[in-house]
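Counting from 163, one number per residue, gives the positions in the sequence shown under my numbering.
Cβ coordinates follow ideal geometry from the N, Cα and C atoms, glycine included.
First up is the structure itself, then whatever we jot down about it.
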Amino acid sequence: MMSNNTLLIKGGTVVPMTGRAIINKGAVFVQDGVIEGVFEEGLPLPRCRHVVDATNCLVMPGLVNSHCHSPMSLFRGMADDLSLDDWLQGYILPAESRFINPETVHTGALLSCAEMLLSGTTCFCDSYFFENEVAEAVMKIGIRAVLGHSVADKLAGGDTNKERTLAKAVDFVQRWKNRTPWITPSIFCHSTYACSWEILSEAKEEASRQGVLFQIHLAETRGEVDQIKSKQGLTSCALLDERDIIDNDTLLIHGVWLTDSDLDIIANRGAAISHNPGSNMKLASGVAPVPSMLKRGIPVGLGTDSPASNNNLDMFGEMQAAAKLHKVHTLDPTEMDVWTVLEMATVKGAKAIGMGAVVGQLQKGMQADIIIIDTAKPHLSPMYNPASHLVYAAAGPDVRDVFVGGRQVVKNGRLITFDANRIIDSIGCISTEIKNRMKQDEWTPGTPD
Ligand SMILES: [Zn+2]
């Protein structure tokens with residue numbers, strides 16, 4: 163008996179990310195949204211109702227974006243070429259306090275989810291205010307996400323009442339836990355400078371109690387690390403560790419200024435790191451010691467950070483940035499080879515955000531989050547090594563088809579779950595309002611509140 167809900171992707175070059183092998187003219191068989199088998203050329207293939215021809219294409223796991231603030235697509239290109247402090251205090255925080263509400267968060271998240279699916283990202287780890295609205299957008303578009311409800315008691319833009327902000331995060335987790343395979347809830351504390359030590363400890367305790375991932379920006383800039391060290395005598399990482407905040411359910415974001423002893427702590431505790439090379443370069447935060455992290459066996463994922471500090475969510479661009487940044491920084495062209503980078507964007511990224519048993523590889527039992535990349539293009543010809551093209555030559559628009567949990571969401575480069583033009587129109591209306599209010603001098607960008 164043939165199940166109605168089967169899918170066979172055949173004829174393409176399969177890059178399963180289960181090791182470093184590539185299968186020419188392979189096939190992937192999916193049943194009820196789960197990968198049932200990956201076949202080498204010549205093996206008998208199961209009969210299927212839905213067959214997708216991937217001739218002249220690469221077939222691989224959907225990319226995993228391990229750090230994003232999806233609603234911030236609202237502020238894409240609003241402020242560039244500034245220090246993190248000027249960008250954050252002078253533009254982003256004032257803009258958030260004026261324009262962030264459930265409706266704008268929902269529209270911004272829809273836009274980012276559409277952008278991510280169209281460029282081959284099938285799973286992302288997010289954190290922002292009004293995360294329920296992000297969850298609703300995720301469900302509408304059909305992407306997979308780990309969503310962190312923001313907890314902060316010293317940061318403008320959100321609720322700074324400690325009890326209320328914690329209670330809201332717990333409500334969010336309980337609302338979305340085990341509700342749908344598309345959403346995994348999490349708790350996010352912005353940073354050691356936006357949160358008191360008290361709330362950091364309580365938020366981590368709550369995340370552990372709920373059994374969810376705890377996320378925090380850490381050691382993004384030298385100023386942040388120096389300030390804490392001069393006041394408290396220890397690095398922010400060591401201070402978090404003193405409070406038992408770093409464990410194998412903790413995702414540390416950026417980690418640009420982590421020391422060797424910080425990295426030892428992180429490796430010993432089994433915590434993970436999200437590396438965001440595009441954002442770190444644009445804000446001139448520095449170069450994260452990623453080779454040292456990887457040498458210690460720390461799971462390191464790749465992330466885009468927000469669309470306001472990058473300024474797009476194309477993980478192909480992020481892979482290329484990661485590969486090149488560490489080569490020039492170490493003056494060693496053998497550093498961060500293509501497979502290392504591909505692993506960070508798939509299997510290691512999935513592990514870093516607690517999804518390692520679910521996505522990131524094409525193998526039996528994993529969710530069928532699969533992307534097909536069309537290589538019959540001048541910039542992808544000839545092809546000696548598919549892994550090389552994925553890191554150094556391909557880009558988001560080369561993605562032809564995308565499946566999440568076996569459901570097709572992008573077909574021939576078009577989003578089929580939602581009208582992308584409608585989202586672009588809605589975003590246009592919001593950005594016009596922002597521009598008008600800037601003109602009316604209600605708000606002079608660059609001036610902190
Ligand atoms: Zn961030």
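- Residue ranges of uninterrupted alpha helix (DSSP H) with 4 or more members, entirely inside the region 401–480 and ordered along the chain, are 422–431, 439–444 and 452–457.
- Judged by DSSP in its simplified three-state form, T508 adopts coil rather than helix or strand.
- Assignment of K539 by DSSP, reduced to helix, strand and coil, places it in the coil class.
- Using a 10 angstroms sphere on the CB of N442, the tally of other CB atoms reaches 16 or more, which defines it as buried.
- Contact annotation: V452 and H416 have beta-carbon atoms that are not nearer than 7 Å.
- Counting other Cβ atoms within 10 Å of its Cβ, N474 reaches 16 or more and is therefore classed as buried.
- L169 is bridged by DSSP to V192 and H212.
- A straight-line Cα-Cα distance of about 6 Å links R306 and T284.
- A straight line joining the alpha-carbon of V387 with that of T492 spans about 22 Å.
- Of I262, V190 and C230, the smallest CA-CA separation from A216 is found for V190.
- Assignment of K316 by DSSP, reduced to helix, strand and coil, places it in the coil class.
- When the beta-carbon positions are compared, I515 and C287 come within less than 7 Å of each other.
- Fully enclosed beta strand (DSSP E) runs of no fewer than 3 residues occupy 345–351 of the region 332–362, in order along the chain.
- At least one heavy atom of ligand 1 falls within 6 Å of the beta-carbon of D467.
- Non-local beta-carbon contacts of T266 in its own chain, meaning distances under 8 Å to residues more than five positions away in sequence, involve P233, L236 and I592 in chain order.
- With fewer than three CB-CB distances shorter than 8 Å, the region 323–331 does not count as touching the region 527–541.
- For H491, the secondary structure class from DSSP, reduced to helix, strand or coil, is helix.
- In the DSSP assignment, I534 is bridged to V221 and D563.
- The residue from R238, S471 and A365 with its alpha-carbon nearest to that of R326 is A365.
- For I532, same chain residues with a beta-carbon under 7 Å away, outside a window of 5 residues either side, are I171, V190, V221, P223, G224, L524 and F565 in chain order.
- For a cut-off of 8 Å, the C-beta gap from V509 to L279 is around 20 Å, too long to register as a contact.
- Annotated three-state conformation of E497 is coil, per DSSP.
- With the rule of 3 Cβ pairs closer than 8 Å, the region 412–428 counts as touching the region 374–385.
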